[in-house]
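Those letters in the sequence shown? Residues 1 to 1139, per full-length UniProt numbering, in order.
Report on one structure; see the data block that follows.
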Amino acid sequence: MILRKISIILTLLLVWSCSTKKNTWVSRNYHNLTAYYNVYYNGREAFKNGDKAIIEGYQNDYSNILPVFESSDPDAASVATGDMDRAIEKGQKLIKKHSITAKPKKRSRNNAYAAEFYSKKEFNAWVDDAYVLIGKAQVYKHEQLLAIRTLQQVVRDFPNSESMYEALLWQARAYTDKGDYIAALAALESYDLGGNAPLELYSDYMAVYANLLLVQGKSIEAIPYLQNAVNDESNKHKRLRYSYILGQLYLLNNQRNEAANAFAYVAKASADYEMTFNAKVNQASIVYKDANIAEVKKQLHKLRKDKKNSDYLDRIYYAFGKVALQENNEAEALTNFKRSVNASIDNSNQKGLSYREAGEIYYKRMDYANAYFYYDSALTVINEDYEKLDELKERHYGLSGLVDHLLTVEREDSLQHLADMSEPVLYAYLDNIISEKEAEQEKLRKMQEEESLSDAFFYQNRGNTNNFGQTGKWYFYNQTSMAMGKMEFEKRWGKRKLEDNWRRKDKSKLADEPTDDPFAMPDNPFEQGDSGTNKESDNQANQQAGETSQAVPTREQLLADIPLSKEKRQISDKKIEDALLEQGLVFMDRLENYPKAIDAFEELLRRYPHAESRDEALIALYNAYRLNGDQAGMLATQSRIEQEFPNHRFVAFLNDPDFLQKIQDKKAAESKAYEATYEAFLFGRFDEVITNSSRAIEDVEGEAVLANKYLLLRGLSYGKQGAVEAFKTDLTTIINNNKESEEAALAQALLEHIEAGKTPVQGTLFANAPGQASQQHAKADSTMDTTDEQAGYLYIENEPYELVVMSIKKGNINKAIYDVADYNFSRYLLHDFEIQQKRLLDGSAAIVVSGFANRVEAMDYFYGLRENHQFFGFEKINKEVIIISESNTSKFYLSGLVKEYIEFFDKYYLQHADAKELDKVRPTVQAEVTETITEEQVLPQQTSDTSIRSNETIGNDSNVETSKTTEITIQEEEKVISGQKESTEATAVTPPAEVKDEVEKPLTVTEPEEEASVQSEKTSLFDETKTEGHLVVVMIRKTRLDFNRVHKNFASYTRNNIGTSNKVQLIDFADDYRMVQIDGFSNADEALTYIKGMDKYPYLTRDFKQKEHYIWAISASNLKKLEASGEVNGYETFFKSTY
């Protein structure tokens, strides 16, 4: 019994001694052992299993540069989500149950090792590895922000450990996958500053660096990094993958010998058959210096004959074509690219590459019709991530119009040739066409009959399979029936890729649209205009036999297209004339083929000497000769233009060296006049706008865009004056001029408001716009920022705000509203935010979130929502989201000055403008009223009375109503400030009408402002005390922020860089701020040095850098004054001017 009690007591003592709250030799070793074998090992194995699953399931696209890491593809990485969740769970469990942060009892030893040991934050050897494991798993799950935070903690808490170096590499990977290449580069460049990085991570470092360069398109720069990664990598899979990518990069850089060697190594060592095959094909197809062409072809033929490669014939024929191109044998290359297309079963990207190569050959031959058809086919099947996709699209676009014009000329010439035949000859020709068509239809009919009678055995079996009672098997359970069905399908259609809408060349078409030839390329480029090409395969004929044939045309139907009458001939000639002109312009502008352009223009001028577009054709011909460097052609064409069109503007251009400058001067004058009219509109001078616009609309010649802008200004001015009919007339004219213009869109939106029963608000442009005299005074002040003054937006912190999301695609609106509502519910449960959809003046839709009490609350929400750009279908949020104060909303929605507000928001909200800049856009009147109340102790009811009086109707002898203008308010406040005892009547009375112009002149308020400024400087609360002891203060406005983490970061930074003598505290300041206070600096210079050193550690300010904050050096005496006064802005100004 006693022994049992003793054993229980000993067991309890042992367990107690192993608590994480005690730091002893026993507890450390116990938790190290259990942390590894019970937790970390299982988490690491789960990570390895997930990594293996990604590698085995990844489908490599060998037609493009392979990605360095398979897990960079989110779709591929998704197969490992479960394993990564388990790895994260195990890592978190290790940290929670086995982390030891308690300090051990100090021994008497006082050496460097002991000091380093006692300064550690963590005493379990596996905790840092657990954090790295969590971060790696989060990278694989593409939770990049979480991964970055996790890995940053490793870098911060475990400096100079092997885990820190590994964390930096994975941090760089996370930044790269996130698209933040600058941050990724910073992590890599800080990786081995001290030269102590472990050698076993060298290959990983090189691979991560190469990956960063490759995703930015810097393939050549990545080569040396991949070389080092290959040379130092011990993992066979990674080494072979890096080698294959290296071969691709060498080939891209035309280093053929090196590429062949890299592919040869992969072909010899790889266990993956597909990679081995592609390496062999690439190696064989590279014709490098001293290579034997016959041997290269021999290797390719050997690959072609191998039955295992039957599914890869498209790649082999493509390689044959590339070899033929290197031999400059275009005919053989074209044949092999066509064979590649025909052999392609399920590799649509390879088919696209073969189409493109064939198109390149035709393009080089200037056979633009066939080139276009091949490019068109390539675009229908090639992958969206094809590296030269933009170049292919540009080439396709350049040829698209040209081919239509070429075919138009060809068709109309053929029809005119038929029209010129005698009637008997023409009828005989048409009858021959009809006979050939009838014979073709008869042939197709017989083929269908033969097909239906053949394979009787198959059809008999197929009939039997329908009898469930006899066979006991349904069709798809009967292997014989399935085999026969497959034979019949392949006989008719050939081998096909398993996919939806497999008969369609364009998978985007609706199911009920008519189908085209499913086995040929779009517009059948093998037959189009090229007598040297054949149909793609016999399968085409079989397929065409299975399609419903068209009816045989009659002679009358064929005659309908032939221009036999004079009117039809004129129409046909006009088609040719227009097509030749457009041909030349495409050759000249898009394709830069100037000889072809010259031929087209000369053909037009030769065939149609009286063409309507003759002047345009001559001018274009002149430019084509100029671009081709043909001086003789230029002079001859100039002479023709001067003779045929002596009064043309182009003649003036050719003969006047200053002609273009004169045109530019005229444009500049017109632009300046428009800006003046627009400014008059903004400032409410609507009569001036109407007069200027009416004159300009008559003066601008051929400038439809400028005329529409003037019409819009004039119409809006009519609306502001209450002339609704004139307002509607101008808006309707704009729409009739050009329905596609921006002005037309705005005009249409305004007309819809009118039709809905709304009427324009009369009076000045904005409800809170200052008076005209005030605007003139503001304009006269040269110190103001003219852009912001013209826009008229104000910066006010303490009033309601709303957030506006613009530029959302129409189809994303409802989903975005739902996502934002869900976001609000999950994160801001106690806030009553309202979400609504609004239409801006340009007709676009916007989502508005309202209910923010002030600027700080709105900005806090703004930064949170900005991380969720996927709500709105944006790749990232740039200038689509803004916050706006209540005072600015009416102007923003009603004026159309959206761009101006975005610039205003960027400058004053996002870039943290200083106090002086903000004072320029703060409401001056509001500031002066506040100052008056403070200095003169004016009671609230007195201020209210003054406000009421400024709105009352004054004067019995006249019906003039006093406006609540800025001038009057400023005048009243100046008098209160200066102590003048003038009567209320003298302040508020408006002069008689005959002296009204004199009163409307701007009042001068400069002198009182200067006096106030001088007085402020003299009565500054703070003293210049740089030699006294100082503190560093980080002042942050209270908001949703982990202040404890900020405090912990600064405490850690201070301890590691200065020592433990400087005390770091987190203190509440007034009602609105909290501050981190670091004391112990003997003077201002030491405090400023501390602040400057913070720049090297961005994590210190990361959490609050986008929020309102201030970082100061401050003396103890000035800190007391700051605490007593609460003058945060005052000390900010003092600090900037003094320190």
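C-beta atoms are modelled at their ideal positions from N, C-alpha and C, and glycine is treated no differently.
Being a predicted model, the structure only gives us computed values, none of them experimental.
- Here DSSP, grouped into helix, strand and coil, assigns valine 215 to helix.
- Sequence-distant partners of alanine 1084 (beyond 5 residues in either direction) whose C-beta falls short of 6 Å from its own C-beta, in its chain, are Lys1026, His1030 and Ala1113.
- Residues of the same chain with a CB within less than 7 Å of the CB of serine 72, apart from the 5 flanking positions on each side, are Asp177 in chain order.
- Rounded to the nearest angstrom, the Cβ distance from isoleucine 1091 to valine 1128 is 17 Å, too far for a contact under 8 Å.
- In this model, aspartate 306 and serine 243 are separated by some 25 Å (Cα to Cα).
- Residue state for isoleucine 808 is assigned as coil, using DSSP reduced to three classes.
- The distance from the Cβ of leucine 1041 to that of lysine 1107 is about 7 Å, consistent with a contact at the 8 Å cut-off.
- Between asparagine 1049 and leucine 1100, the CB-CB gap stays under 8 Å.
- The beta-carbon separation of histidine 405 and tyrosine 375, rounded to 17 Å, does not stay under the 8 Å limit for a contact.
- Glutamine 837 has Ile847 as its beta-bridge partners, per DSSP.
- Contact between the segment 440-450 and the segment 622-630 is absent, with fewer than three C-beta pairs closer than 8 Å.
- In the DSSP annotation of this structure, the continuous segment of the alpha helix (DSSP H) that includes leucine 246 starts and ends at 236-252.
- Spanning the alpha carbons of serine 219 and leucine 213 requires a straight line of approximately 7 Å.
- Of the candidates Gln748, Tyr710 and Phe1069, Phe1069 places its Cα closest to the Cα of serine 1125.
- Taking a contact as a CB-CB distance under 8 Å, the pair alanine 745 and aspartate 842 counts as one, their CB atoms being some 6 Å apart.
- By the C-beta criterion, the segment 430-437 is judged not to be in contact with the segment 398-413, since fewer than 3 inter-stretch pairs fall below 8 Å.
- Nearest neighbour of arginine 626 by Cα position, chosen from Ala597, Ala816 and Glu603, turns out to be Ala597.
- Counting only residues of its own chain and dropping the five nearest sequence neighbours on each side, lysine 809 has a CB closer than 8 Å to the CB of Gly873.
- Excluding its 5 nearest sequence neighbours in each direction, lysine 238 has no C-beta neighbour in its own chain below 7 Å.
- Annotated as proximal: isoleucine 1111 and valine 1034, with beta-carbon spacing under 8 Å.
- Each residue's CA atom was taken as its position, placing serine 887 and tyrosine 863 some 22 Å apart.
- Ranked by Cα distance from isoleucine 100, the first of His610, Arg156 and Asn29 is Asn29.
- Between glutamine 152 and leucine 146, the gap from beta carbon to beta carbon reaches 8 Å or more.
- A direct Cα-to-Cα measurement between lysine 907 and lysine 838 gives close to 25 Å.
- Taking all protein chains in view, the Cβ of arginine 365 is surrounded by fewer than 16 other Cβ atoms within 10 Å, so the residue is classified as exposed.
- With a contact defined as Cβ atoms closer than 8 Å, phenylalanine 123 and aspartate 83 miss out at about 30 Å.
- Remark: fewer than three beta-carbon pairs, one from each stretch, lie closer than 8 Å, so the segment 340-349 and the segment 550-566 are not flagged as touching.
- Taking tyrosine 273 as reference, the option from Glu56, Ile88, Asn647 and Phe833 with the minimal CA-CA separation is Glu56.
- Per the DSSP secondary-structure output, phenylalanine 852 pairs in a beta bridge with Tyr801.
- Nearest C-alpha to methionine 1075 among Ala1051, Val281, Ser1061 and Glu903: Ala1051.
- Here DSSP, grouped into helix, strand and coil, assigns glutamine 911 to coil.
- Leaving aside the five residues that flank serine 885 on each side, the residues in its chain whose CB is nearer than 6 Å to its CB run, in chain order, Ile796, Glu799 and Tyr801.
- Going by DSSP, glutamine 631 is part of the alpha helix (DSSP H) stretching over 631-644.
- Under the three-state reduction of DSSP output, histidine 1109 falls in the strand class.
- In the three-state DSSP reduction, valine 1033 falls in the strand class (E or B).
- Along the length of the segment 1045-1122, whole alpha helix (DSSP H) runs at least 4 residues long occupy 1084-1093 and 1099-1102, reported in chain order.
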